[in-house]
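Numbering-wise (UniProt numbering), the sequence shown opens with residue 1 and increments by one.
Every residue gets a Cβ at the ideal spot worked out from N, C-alpha and C, and that includes glycine.
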Amino acid sequence: MSAAQTVPAPGAPAPGAAGEPSAAASVPPRLAGARRFVRAFLHRPSGVAGLSILLLFVVLALVAPAFIGPDQLDVTKVNGPLLTAPSGSYPLGTDQAGRSVLLLLIWGSRESLQIGVIATVLTVVFGSAVGIVAGHYGGLVGRALMHVTDWFIALPSLPLAISLAAVLGQGSTSITIAIAVTSWTATARLVRAQTLAVEARPFVERARALGAGNGQIMLRQVLPNVMPLILVSSTLTVASALLSEATLTFLGLGSPTDVTWGQMIHDAFFGGAFTADAWWYLLPPGLAILAVVLGFTLTGRAVEHVLDPRMENKR
């Protein structure tokens, strides 16, 4: 043996041996899974486009109070020209009260997105709870919950939402509650079906054998496995909630003092925009609703394909 050669000390692991922790092994499993999800999502151009649209509107909604004051939205304090066409001073023209349509559009994103997100959270939380409980317990409890779900499905959602919003009174709160009450059934049925599939897996049986209670099984075994489905359902439910908010507000169930995209369409329709050919007042809120709904739909579909690669073979 030459002097240039070295002999490892006794008991020391050889270079590259299995005992030496690798860089990949040091990454927590959840972080590694998140990285794989991000990489797979970025490889879907439609999902990236949808997420970019949503980020644009979210940023506009967040920074709106920095450059839009209450005086610019108050019909009693503005003094701009009435229903004027787009110009340098007013890029999207003005409404029948002299307010800038561009400022109304940006501020309306705050109210519309807030109603859509809150209604979706209520819908997903309640629907997921009903679906998990019905799928876990089954029997009389499961059948009773599913009968209630089927009863809500049988009712026409739009007339029911209109009735609830009318009873609760005008405003964003009543519209949010009306949307949540009429939208949770689809989530409940999807989550129940997934819960039944998860409950049949061996690890749930092992948890029962080890003495896990019903609450532990639902929260620690079932919920993490149905969470991807809940996430996909949430992104698609927001789009539906935004359309429902615009519909209910257009029908006059929103507060006249609130600035939402649906309220803008309502004010334009009943404020003479059609007769005055004020297309600049009608098109922007409708296109904004279309863009956000498209963004949530593209993002939701991309997330669905990433979480369930088998969807590629079903197309």
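Quick one: does residue 72 have its CB under 8 Å from some CB of chain C? This model lacks chain C altogether; it includes just one protein chain.
Report the option in 251, 268, 305, 240 whose CA atom is closest to the CA atom of residue 93. Sequence index remark: in the sequence shown, residue 93 carries index 93 (1-based). Taking only the C-alpha atoms, the option nearest residue 93 is 268.
Report yes or no: do the segment 140-154 and the segment 288-296 share at least 3 C-beta pairs separated by less than 8 Å? no
Residue 52: buried (16+ other C-beta within 10 angstroms of its C-beta) or exposed? One-based indexing of the sequence shown puts residue 52 at position 52. The residue in question, residue 52, is exposed, as its Cβ has fewer than 16 Cβ neighbours within 10 Å.
Should the segment 180-194 be called in touch with the segment 118-127, which here means at least 3 C-beta pairs below 8 Å? yes
Considering only C-alpha positions, which residue in the set 285, 229, 214 is nearest to residue 95? Indexing the sequence shown from 1 puts residue 95 at position 95. The option with the nearest alpha carbon to residue 95 is 285.
What three-state label does DSSP hand residue 260 in the structure shown? To locate residue 260, count along the sequence shown from 1; it is residue 260. In the structure shown, residue 260 sits in coil (DSSP, three-state: anything other than H, G, I, E or B).
Would DSSP call residue 87 helix, strand or coil? For the purposes of this step, residue 87 is identified with residue 87 of the sequence shown, where counting begins at 1. Coil at residue 87, not helix or strand.
Is DSSP giving residue 275 helix, strand or coil here? For this step, residue 275 is matched to residue 275 along the sequence shown. Note: residue 275 maps to coil in three-state DSSP.
Any contact of the segment 218-231 with the segment 187-207, i.e. 3+ C-beta pairs under 8 Å? yes
Using the rule of at least 16 other Cβ atoms within 10 Å of the residue's Cβ for burial, across every protein chain shown, is residue 205 buried or exposed? Locating residue 205 in the sequence shown gives position 205, counting from the first residue. Answer is exposed; the Cβ neighbour count stays below 16.
Spatial neighbours of residue 195 within its chain, please: C-beta separation below 7 Å, excluding the five flanking residues on both sides. Taking the first residue of the sequence shown as 1, we reach residue 195 at position 195. Around residue 195: 131, 132, 135, 136, 222, 226.
On the DSSP bridge list, what partners appear for residue 182? Taking the sequence shown and counting its residues from 1, the one referred to as residue 182 is at position 182. Per DSSP, none; premise fails for residue 182.
Pick from 277, 271, 90 that is closest to residue 103, judged by C-alpha positions: As a first step, residue 103 is located in the sequence shown; it is residue number 103 there, counting from the start. Taking only the C-alpha atoms, the option nearest residue 103 is 90.
State the DSSP-derived secondary structure class of residue 94, mapped to helix, strand or coil. Taking the sequence shown and counting its residues from 1, one reaches residue 94 at position 94. Three-state result, residue 94: strand.
Does the segment 239-248 come close enough to the segment 150-162 to have 3 or more Cβ pairs within less than 8 Å? Touching, yes.
Which full runs of the alpha helix (DSSP H) of 4+ residues lie inside the segment 145-193, going along the chain? 157-168
Using 8 Å for Cβ pairs, my map puts residue 176 next to residue 149. What's the rounded Cβ distance? Here residue 176 corresponds to residue number 176 of the sequence shown, with the count starting at 1. Here residue 149 corresponds to residue number 149 of the sequence shown, with the count starting at 1. About 21 Å separates the two Cβ atoms, so there is no contact after all.
Between residue 147 and residue 276, what straight-line distance do the alpha-carbon atoms span, to the nearest angstrom? Mapped onto the sequence shown, residue 147 falls at position 147. Mapped onto the sequence shown, residue 276 falls at position 276. Straight-line Cα distance between these residues: approximately 51 Å.
Is it buried or exposed, residue 116, if we count other Cβ atoms within 10 angstroms and call 16 or more buried? One-based indexing of the sequence shown puts residue 116 at position 116. So residue 116 ends up on the buried side.
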